[in-house]
Amino acid sequence: MPDTSVRIDEATRDRFKALADAAGLSVKDYLERVADEKEREQLLDTATAAFRRAIDAPGIVSRFDADFGGLPPAKHETPRAA
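Residue numbering for the sequence shown is 2 to 83, as defined by the working numbering.
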């Protein structure tokens, strides 16, 4: 795919350059990585919303428990900050 240009202010360009340098990438490769990450975040947000709708439906959690025996017991407690 051919390259194209995007006009951004110098401060933003410099921020992207610093982030890319820190990651050991070119700005082009860094922006590609950011786009990939943002697409994954969108997909996860969509999946999370669908999951929340599903478990909010009446009877879903009790049916899951009946079919699969509920959640397994916790192996250890998660420490909490004071």
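Cβ atoms here follow ideal geometry from the backbone N, Cα and C, with glycine treated the same way.
Quantities reported herein were computed from a predicted structural model and do not represent experimental measurements.
Taking C-alpha atoms, which residue in the options lies nearest to residue i?
i	options	result
Arg14	Pro3, Met2, Ser27, Glu40	Ser27
Leu20	Arg8, Ile9, Ser6, Val35	Val35
Pro3	Asp57, Ala24, Lys29, Ser63	Lys29
Determine the direct distance from the alpha carbon of residue j to that of residue i, and round the result to whole angstroms.
i	j	result
Leu72	Tyr31	40 Å
Asp58	Asp68	Going by the sequence as given, residue 58 is Ala instead of Asp. If I take the Cα positions, the gap works out to 16 Å.
Gly25	Val7	22 Å
Glu11	Lys76	52 Å
Phe65	Thr47	22 Å
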